[in-house]
Amino acid sequence: MSSDSLRIGFIPLADAAALIVAADKGFAVKLGLSLDLVREVSWSNVRDKLNIGLFDAAHLLAPLAIASTLGIGHLKMPLLVPFVLGANGNAITVSPALHSALILAADGGDVTDPNVSARALARVVGERRKRGADPLTFGMTFPFSCHNYLLRFWMAAGGIDPDEEVRLVVLPPPYIADSLSSRQVDGFCVGAPWNSVAVELGIGHILHFGSDIFARAPEKVLAVRAAWSANRDDVLNRLVSALHQAAAFIDNPDNLAEVVALLAAPHRIGVAPEIIERTFRGSLRIAPGNSFRSDPNYILIGRQGAARPDPSDAAWLYAQMVRWNQAPLSADLLFAAKACFRPDLYDGALGAAAKSSAASAEHIGAFTGPWFDGDDVVGYLAALKMPVKNQ
Amino acid sequence: MDPALNIVIVDENPVRAAILIDGLREAGYTRVTRIEETTNLLAHIYSLDPDVIVIDLENPSRDVLAQMFQVSRAVKRPIAMFVDQSDAAAIEAAVDAGVSAYIVDGLKKERIRGILDLCISRFNAFARLSGELERAQNALSERKVIDRAKGILMKAKNVSEADAYAMLRKTAMNENKKIAEVAQSVVTAAELLK
Chain A
1 MSSDSLRIGF IPLADAAALI VAADKGFAVK LGLSLDLVRE VSWSNVRDKL
51 NIGLFDAAHL LAPLAIASTL GIGHLKMPLL VPFVLGANGN AITVSPALHS
101 ALILAADGGD VTDPNVSARA LARVVGERRK RGADPLTFGM TFPFSCHNYL
151 LRFWMAAGGI DPDEEVRLVV LPPPYIADSL SSRQVDGFCV GAPWNSVAVE
201 LGIGHILHFG SDIFARAPEK VLAVRAAWSA NRDDVLNRLV SALHQAAAFI
251 DNPDNLAEVV ALLAAPHRIG VAPEIIERTF RGSLRIAPGN SFRSDPNYIL
301 IGRQGAARPD PSDAAWLYAQ MVRWNQAPLS ADLLFAAKAC FRPDLYDGAL
351 GAAAKSSAAS AEHIGAFTGP WFDGDDVVGY LAALKMPVKN Q
Chain B
1 MDPALNIVIV DENPVRAAIL IDGLREAGYT RVTRIEETTN LLAHIYSLDP
51 DVIVIDLENP SRDVLAQMFQ VSRAVKRPIA MFVDQSDAAA IEAAVDAGVS
101 AYIVDGLKKE RIRGILDLCI SRFNAFARLS GELERAQNAL SERKVIDRAK
151 GILMKAKNVS EADAYAMLRK TAMNENKKIA EVAQSVVTAA ELLK
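From first to last, the protein sequence lines stand for chains A and B. Taking my numbering, the leading residue of the first sequence gets 1, the next gets one more, and so forth. Taking my numbering, the leading residue of the second sequence gets 1, the next gets one more, and so forth.
Here is the structure:
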C-alpha cells in the first residue's frame, strides 16, 4: 500500500472530530494516508483553498458543498460528498434579556417547545415594531449553513418573515461573545462548542438544541472536488475507511476522555476539555448556574448511519435554498444537488460495514410543517407557503 | 490606474494595512480607507460604498462579506468577487499571499488588475519582513538565554566563559538539541533550585 499525503482544511468545531481523530489517533496512517489538517478561520477560506487545489479535501458546511456544486453565491466548483462528518450539533442561544422577554411573551407557555418559543418571538418582534425599536438581530455563521436555515425555519413557524422582520447577520464564532455582550446581536445559531462557550461566559441562554428544530439534519461533510476524485478511487476509499473507524472510536463512550483530549489540543479545536466533553455527552449547560439539558441526538458523529450521504438530505438542503431565495427552483439544479451526495462512494469504501450503519433513521424530522419527501420538493415548498396558524 | 476608485481595506494588522495603503496612495489611488472594527462590518462597508474591498485571509470577517452576495434589502448594490473562473492564476497568487479582493459588480476587471497585483506584492513583502523580524527576535532571545546559562555554569562549575559554552555545545550535540534549548533547561533548572 502506498503512502499518500492529503491536505485537508477544517474549522475548529466539534464536528471536525472524525477528521482530527483519524489523523491524530493513527487510523489514517494505518491505511497508508498521511493527513495534514490545516486549521482555517473562515468558511470562505476553506472553500477557496479547496477550489484552487490547495486542499485535497475539506470539512465543509453541507449546504456550502451544494452551493459550490451548483455555482450559487460564488464560483461553480462541482464537489462530491463521500462522507457526512456530522449531523446536528447546533443550538440557538439568546441573550438573557431576550430569554426573559420570550418567557413573558409565552404567557405561561413552555419556551423549550419551539412552537411556543417561535410564537413568543413573533410577539416580541411585533411589540418592538409597535414601539419603534430596532428589529432583533440574530447571528449565524454563513449564508449557506444549516444555522441560517434553522433560524429561518423556526422564525417562519412563528409567523415571522426572517428577511423583513428581523436582521440576520453573519457572525464569525470568535466575535460571538463580544457581539452578544455588547448587545449587537440578540441571539445566534452556531455549532458546538460555541453555544456552550457563550453560556460559560454568562452572556447567553441556550434556548433550543438544533435537534429540537430538526430531529436529524446533515451538518458538515467531507467534500472533495469531483475532478480530483476522478482517478483517486483508492485514496478516497481509504480516507472514508479512516473516517469511519474514527467515528466508531468517537462513538464508544469508553474512549471519550481520549477523544476529548485530542480535540481540545490548541492546534485542533482549542477550547476547554469540559466543554467538548459535554458536547459529546449531549449534556449541555444551558444557562449560567447548574442548569443542564441532555439529548442523545444533540450531535451525531457517524452514529445511526449519520455518516452515510443521503441524496434526499441534499434535496432538502436545496429546498431550503429555494425557500429563502438563494437558488432558483429547477429540476436540473435539484438533480445536481442530489448527485453531490454520494452514498455509492461511502458504500464502496466500507463494503459490509456500510450496511450495518445504513439503518435508516428518520431524516430531518422538523418540529412542524410538512413532511419532506426528496422526490417531491415542489410539493414540500408549496406546503411551506401555507399561512402559519397564529394562536 | 483609476484614482477615482473607492478602496476599502479590511485588515486587523495595522502595520500591514499601513504598508498597503501607502502602496496604493503611491500608485495614485487617493480614496483608500481602512476599516479597523470587526463589529458592524457590513454597516461600515455600506456607508463607505466602496468599489473595491481588500481583506486579509486571516480575518474571520471574510464570511461576513459572503452575506453581500445574498439577496437582501440592506445591500445597496451587488458585489461580486474579483477573481472568477478565468483567473485561476490570480486566485492562487492572492490566496498564496494571504489576501482576497471583492469588487462592485459590473466594474471592468482590467481597471483593478493593478490593485490586486499591488496587494499581492505588498502582502508578500510584509510576510517576508515579519519572517525576518521574527527570526531576528528569536536569535536575540536565544543569545540572551545562552548568556544567562553560561553565567550560571561559570559560577556553579567555576569555569571560564569559553568552557561554559563548550559544555552547552557538547550537551546539545549529545542530546541532538539546539544550544538554546539546553541553555533554557539550565536556566529553568537554576531557577527551580534557587
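Each residue gets a CB set at the ideal place from its N, CA and C atoms; glycine is no exception.
Does residue i come within less than 7 Å of chain B when only Cβ atoms are used?
i	result
residue 413/A	For residue 413/A there is no data in the structure shown, the boundaries of chain A being 1 and 391.
residue 107/A	no
residue 425/A	Outside the modelled stretch of chain A, which goes from 1 to 391, sits residue 425/A, for which no answer is possible.
residue 73/A	yes
residue 90/A	no
residue 184/A	yes
residue 42/A	yes
residue 276/A	no
residue 172/A	yes
residue 52/A	yes
residue 290/A	no
residue 15/A	no
residue 45/A	yes
residue 404/A	The requested residue 404/A is not part of the displayed model; chain A covers only 1 to 391.
residue 380/A	no
residue 175/A	yes
Using DSSP bridges, identify the partner residues of residue i.
i	result
residue 292/A	285/A
residue 76/A	Paired residue(s): none; residue 76/A is not in a bridge.
residue 34/B	9/B
residue 90/A	191/A
residue 147/A	Residue 147/A is not bridged to any residue.
residue 183/A	Per DSSP, none; premise fails for residue 183/A.
residue 101/B	54/B
residue 140/A	170/A
At least one CB of chain A closer than 7 Å to the CB of residue i: is that the case?
i	result
residue 117/B	no
residue 123/B	no
residue 62/B	yes
residue 95/B	yes
residue 43/B	no
residue 55/B	no
residue 127/B	no
residue 66/B	yes
residue 91/B	yes
residue 70/B	yes
residue 38/B	yes
Give the straight-line distance between the Cα atoms of residue i and residue j, rounded to the nearest whole angstrom.
i	j	result
residue 64/A	residue 268/A	22 Å
residue 111/B	residue 5/B	9 Å
residue 33/A	residue 340/A	24 Å
residue 120/A	residue 106/A	5 Å
residue 62/B	residue 291/A	35 Å
residue 375/A	residue 190/A	29 Å
residue 164/A	residue 174/A	27 Å
residue 265/A	residue 21/A	12 Å
residue 146/B	residue 194/B	19 Å
residue 315/A	residue 138/B	54 Å
residue 226/A	residue 94/A	39 Å
residue 103/A	residue 218/A	30 Å
residue 367/A	residue 117/A	12 Å
residue 31/A	residue 240/A	10 Å
residue 181/B	residue 261/A	27 Å
residue 40/B	residue 50/B	16 Å
residue 327/A	residue 66/A	11 Å
residue 58/A	residue 37/A	9 Å
residue 194/A	residue 302/A	21 Å
residue 182/A	residue 204/A	12 Å
Is residue i buried or exposed, if buried means 16 or more other CB atoms sit within 10 Å of its CB?
i	result
residue 69/A	buried
residue 47/A	buried
residue 47/B	exposed
residue 133/B	exposed
residue 259/A	buried
residue 15/B	exposed
residue 43/A	buried
residue 335/A	exposed
residue 125/A	buried
residue 371/A	exposed
residue 251/A	buried
residue 309/A	buried
residue 173/B	exposed
My guess is that residue i and residue j are in contact by the Cβ rule of under 8 Å, so how many angstroms apart are they, rounded?
i	j	result
residue 98/A	residue 187/A	6 Å
residue 35/B	residue 44/B	5 Å
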